[in-house]
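Taken in sequence, the protein lines are chains D and R. If you're matching positions, the first sequence starts at 2 in the numbering used here and goes up one per residue. If you're matching positions, the second sequence starts at 150 in the numbering used here and goes up one per residue. Ideal Cβ placement from N, Cα and C applies to all residues, glycine included. Step one of this worksheet: look at the structure below.
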Amino acid sequence: MNVFRLAGDMTHLLSVVVLLLKIHTIKSCAGISLKTQELYAVVFAARYLDLFVHFVSLYNTVMKLVFLASSFSIVWYMKRHKIVRRTYDKDHDTFRHYVLVLPCLLLALLINEKFTFREVMWAFSIYLEAVAIFPQLVLLQRTRNIDNLTGQYVFFLGAYRVLYILNWIYRYFTEPHFVHWISWVAGIVQTLLYADFFYYYIMSWKNNVKLELPA
Amino acid sequence: DSEDAKHDEL
């Protein structure tokens, strides 16, 4: 494993930790999109079907289980926890799942590395992950007061994507057979979605003012 | 192989 990949996994993990911290200790999910969290739960469930088939390493298995468990427990907290669910900004989180899920499923049926159930599910998870942040970004734009933890959560998620691209560039030069167009193209699209957010996040940090996205 | 490399990512 190269350093970019490890750093990418760690920022991804950190984003989940930040979100769990907010939910678990502050008992608030204000500014967090349930739609995005549900989409991530679907992404991990579809991608990690290989847990039953492949064993890569202990690290790999543990990380996959952590992402599965954390994504489902976040959804549970936002929907069922009696205190947390009251902080959910339902009125502004209006993005519809099927707008993202159906095109991704269709695309996965058309463009995949092999037409098997697992490969189609893998491609579907890659496409869906690329756009799953969309409801969250829309919600941020509608939120007047974006708290620090929410800003950091999205920042770490974006950082994870940037680091994964550096990881692919590294792997491309060190492992000649490592070419996965599907994940590369989807990954670049996914990273570009954060570009706007990054700009405002860094600006707010530089000028020491509260993060706010223009409508 | 390439297949394994793909599943090694998260």
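Asked, Found
"Asn-61 of chain D at chain B interface by Cβ criterion, 8 angstroms", "Among the chains of the structure shown, chain B does not appear; the protein chains present are D and R."
"Cβ-based burial, Leu-7 of chain D [other Cβ within 10 Å; buried from 16]", "exposed"
"Met-79 of chain D vs Arg-87 of chain D beta-carbon contact at 8 angstroms", "no"
"Alpha carbon of Ser-29 of chain D to alpha carbon of Lys-23 of chain D, nearest angstrom", "6 angstroms"
"heavy atom of the ligand MG below 7 angstroms from Ile-166 of chain D C-beta", "Looking for the ligand MG in the displayed structure turns up nothing, as the structure carries no ligands at all."
"Buried versus exposed, by CB contacts within 10 Å (16 or more), His-89 of chain D", "Here the sequence assigns Tyr to residue 89 of chain D, which means His is not the residue at that position. With 16 or more other Cβ atoms within 10 Å, it is buried."
"Cβ-Cβ separation, Leu-129 of chain D to Leu-40 of chain D (assumed contact under 8 angstroms), whole Å", "6 angstroms"
"Proximity below 8 angstroms, CB of Phe-135 of chain D to CB of Leu-194 of chain D", "yes"
"Coil, strand or helix - Leu-214 of chain D by DSSP", "coil"
"C-alpha distance - Pro-215 of chain D paired with His-25 of chain D, whole-angstrom precision", "29 angstroms"
"Beta-carbon neighbours of Asp-51 of chain D, restricted to chain R and to distances below 7 angstroms", "His-156"
"Within chain R, partners of Met-64 of chain D - CB distance below 7 angstroms", "Leu-159"
"Continuous alpha helix (DSSP H) stretch holding Ala-42 of chain D: start and end", "35 to 48"
"Proximal residues of chain R, C-beta to C-beta of Phe-68 of chain D below 9 angstroms", "Leu-159"
"When D:Ile-170, D:Thr-62, D:Ile-166, D:Ile-203 are compared against Gly-152 of chain D, the one with the closest alpha-carbon", "D:Ile-203"
"Arg-143 of chain D versus D:Val-19, D:Gly-32, D:Glu-114, residue with shortest Cα-Cα distance", "D:Gly-32"
"Buried/exposed call for Ser-58 of chain D, threshold 16 Cβ in 10 Å", "exposed"
"Of the residues D:Lys-36, D:Met-11, D:Lys-115, D:Glu-176, the one placed nearest Trp-77 of chain D, counting alpha carbons only", "D:Lys-36"
"Short-range partners of chain R found in the segment 177 to 207 of chain D, where Cβ spacing is below 8 angstroms", "His-178, Phe-179, Val-180, His-181, Ser-184"
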